[in-house]
Amino acid sequence: MSKIEQRLTDLGLTLPDPIQVPPGMVLPFSWVRVRGNRIYASGHIALNQDGSVAEPLGKVGAGITQEQGYEAARLTCLAMLGSLNRELGDLDRITSWLRVFGMVNTAPEFNLYPLVINGFSDLVVEVFGADIGDHARSAVGLAGLPFGTPVEIEAELEISD
Amino acid sequence: MSKIEQRLTDLGLTLPDPIQVPPGMVLPFSWVRVRGNRIYASGHIALNQDGSVAEPLGKVGAGITQEQGYEAARLTCLAMLGSLNRELGDLDRITSWLRVFGMVNTAPEFNLYPLVINGFSDLVVEVFGADIGDHARSAVGLAGLPFGTPVEIEAELEISD
Amino acid sequence: MSKIEQRLTDLGLTLPDPIQVPPGMVLPFSWVRVRGNRIYASGHIALNQDGSVAEPLGKVGAGITQEQGYEAARLTCLAMLGSLNRELGDLDRITSWLRVFGMVNTAPEFNLYPLVINGFSDLVVEVFGADIGDHARSAVGLAGLPFGTPVEIEAELEISD
């Protein structure tokens with residue numbers, strides 16, 4: 001068993017199935033694009049184990065609490081790890097996280113986006129450790145996200161060639 | 162004639178002139194920045210053939226329909242290809258699309274951003290094919306875009322050194 | 323004295339201290355992530371010399387003028403240069419700016435985001451010159467930014483290995 005896989009097991013975490021895209025929607029791109037030693041991860045959202053879009057949907061600060069936003073960001077990390085694992089075969093190939101762009105579906109008065117996106121960053125560091133898991137990050141408020149999901153996150157990573 | 166140029170001709174497509182920046186506005190950056198084997202494409206918008214900003218302007222879901230948003234995303238792709246062609250001299254030098262970040266100027270209730278940005282992705286894959294044209298992508302809702310344009314898209318690509 | 327340090331001194335500019343993160347907020351990421359010849363700079367905001375969050379806070383077009391937004395973008399550049407200097411030890415190691423993503427906390431009616439983010443781009447070109455300082459850029463309107471800051475900007479740069 002690979003090191004990261006073991007770590008996920010120790011933490012009691014399982015990665016969800018690929019996203020179930022709503023009927024009639026075609027998405028003509030890849031969830032993960034690998035080229036040389038760079039990985040570009042598409043904007044991911046929180047999923048249930050079966051790949052269906054996780055609830056609750058809505059805007060953080062109006063219907064969705066900050067804590068629910070944190071949990072959505074954590075589930076978003078698991079969904080991205082699922083995509084990465086399917087593409088790479090082995091998450092131990094990841095040598096460095098580089099950039100995390102965290103987007104929060106925001107109500108007008110809410111602005112503690114960093115505390116929401118911490119749900120993603122905390123899990124990355126917990127699973128990969130501080131050296132590999134460290135990253136540059138932005139955490140900002142969007143006017144809307146697909147399907148009304150509260151959080152969407154894209155990332156760039158490095159793998160061994 | 163280069164392969165991609167031929168493909169554009171076969172599809173009946175022509176690339177627009179460089180953007181006509183409104184009088185009094187200075188933009189102190191480049192539409193395309195090349196360094197080593199990486200290309201960074203600035204946020205592009207839909208243009209008419211003469212480089213003027215394409216209409217209609219406004220927010221998707223309020224005044225602009227999803228179909229008009231799709232068409233704006235398609236025109237945005239042509240504008241970016243125009244910038245890339247002027248910089249590279251030959252679009253055949255592009256060896257891989259990597260990352261597409263699609264931004265939709267959104268009305269409060271609209272959230273089908275992926276179906277709007279498909280106007281860009283569909284054309285990339287149509288022109289470059291699935292291998293070179295595949296990319297990671299996010300498609301999200303912005304509170305506003307320059308000049309009130311309905312769509313803005315930035316990208317990262319790879320070229321042969 | 324390094325060349326860029328000299329240039330900053332000639333312009334009468336000093337770089338602010340590291341951001342004073344509000345009490346109780348933990349930010350589990352780095353302001354600058356370096357890997358190989360790439361630098362990823364996290365989303366930075368305008369700071370006072372002591373690293374406290376600069377005022378005024380609010381939305382450009384409602385409470386914050388376009389000119390105040392420009393000044394915030396300029397201060398954001400100085401904050402990012404401070405982070406880069408602490409990480410690299412010497413800003414002369416920067417061989418190229420690549421990508422600048424400029425985010426404006428926007429009121430509903432405002433859309434001249436490029437003229438706000440010019441505060442950042444103008445200073446980059448002024449300090450680094452047109453060759454090193456040139457960059458690809460997007461300048462767009464966000465529904466909200468952390469702490470209600472009017473401007474946040476992230477970037478990617480190249481250094482000598």
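Chains as they are written, first to last, in my numbering: chain A, 1 to 161; chain B, 162 to 322; chain C, 323 to 483. Don't be surprised by glycine CBs; every beta carbon is placed ideally from N, CA and C.
Residues bridged to residue i (per DSSP)
| i | result |
| --- | --- |
| residue 135(A) | Note: residue 135(A) sits in no beta bridge, so no partner. |
| residue 361(C) | 356(C), 479(C) |
| residue 301(B) | 264(B) |
| residue 152(A) | 103(A) |
| residue 172(B) | Residue 172(B) is not bridged to any residue. |
| residue 208(B) | 214(B) |
Alpha-carbon spacing of residue i relative to residue j, whole angstroms
| i | j | result |
| --- | --- | --- |
| residue 225(B) | residue 233(B) | 10 angstroms |
| residue 295(B) | residue 238(B) | 14 angstroms |
| residue 210(B) | residue 177(B) | 4 angstroms |
| residue 373(C) | residue 348(C) | 16 angstroms |
| residue 108(A) | residue 99(A) | 26 angstroms |
| residue 402(C) | residue 414(C) | 15 angstroms |
| residue 392(C) | residue 463(C) | 14 angstroms |
| residue 3(A) | residue 37(A) | 20 angstroms |
| residue 112(A) | residue 66(A) | 8 angstroms |
| residue 106(A) | residue 83(A) | 26 angstroms |
| residue 308(B) | residue 229(B) | 17 angstroms |
| residue 47(A) | residue 352(C) | 27 angstroms |
| residue 298(B) | residue 323(C) | 43 angstroms |
| residue 276(B) | residue 290(B) | 20 angstroms |
| residue 379(C) | residue 466(C) | 11 angstroms |
| residue 206(B) | residue 11(A) | 45 angstroms |
| residue 472(C) | residue 377(C) | 9 angstroms |
| residue 419(C) | residue 384(C) | 32 angstroms |
| residue 21(A) | residue 461(C) | 31 angstroms |
Proximity to residue i [Cα-Cα], best of the options
| i | options | result |
| --- | --- | --- |
| residue 53(A) | 92(A), 36(A), 23(A) | 23(A) |
| residue 362(C) | 161(A), 14(A), 155(A), 160(A) | 155(A) |
| residue 475(C) | 443(C), 447(C), 452(C), 389(C) | 443(C) |
| residue 170(B) | 288(B), 319(B), 311(B), 306(B) | 288(B) |
| residue 6(A) | 42(A), 90(A), 18(A) | 90(A) |
| residue 357(C) | 409(C), 335(C), 366(C), 379(C) | 409(C) |
| residue 354(C) | 382(C), 425(C), 407(C) | 407(C) |
| residue 94(A) | 138(A), 161(A), 14(A), 149(A) | 161(A) |
| residue 43(A) | 19(A), 129(A), 118(A), 68(A) | 19(A) |
| residue 350(C) | 118(A), 159(A), 14(A) | 118(A) |
| residue 101(A) | 14(A), 56(A), 66(A), 157(A) | 157(A) |
| residue 426(C) | 396(C), 447(C), 446(C) | 396(C) |
| residue 335(C) | 459(C), 379(C), 446(C), 436(C) | 446(C) |
| residue 293(B) | 217(B), 220(B), 320(B) | 320(B) |
| residue 271(B) | 306(B), 191(B), 220(B) | 220(B) |
Check: residue i C-beta below 7 angstroms from any heavy atom of the ligand ADP
| i | result |
| --- | --- |
| residue 275(B) | Of ligands this structure carries none, so the ligand ADP is not represented either. |
Min CB distance residue i to chain F below 8 angstroms
| i | result |
| --- | --- |
| residue 152(A) | Absence of chain F from the displayed structure is noted, the protein chains being A, B and C. |
Under 7 angstroms, CB to CB, which of the residues in the region 130-150 of chain A have a partner in chain C?
134, 135, 136, 137, 138, 139, 140, 141, 142, 143
Secondary structure, beta strand (DSSP E): runs of 3+ residues fully inside the region 86-120 of chain A:
For the beta strand (DSSP E) assignment, the uninterrupted runs of no fewer than 3 residues enclosed by the region 86-120 of chain A are, from N- to C-terminal side, 94-105.
Residues, ordered as in the chain, of the region 199-213 of chain B that lie near chain A by beta-carbon distance below 7 angstroms:
none
Closer than 8 angstroms, Cβ to any Cβ of chain B: which residues of the region 3-34 of chain A, in chain order?
25, 26, 27, 28, 29, 30, 31, 32, 33
Suppose only complete runs of 4+ residues qualify. What are the alpha helix (DSSP H) ranges in the region 210-249 of chain B, listed by chain order?
227-249, all fully within the region 210-249 of chain B.
Please list the residues of the region 94-122 of chain A that have a C-beta atom closer than 7 angstroms to any C-beta atom in chain B, keeping them in chain order.
Residues 103.
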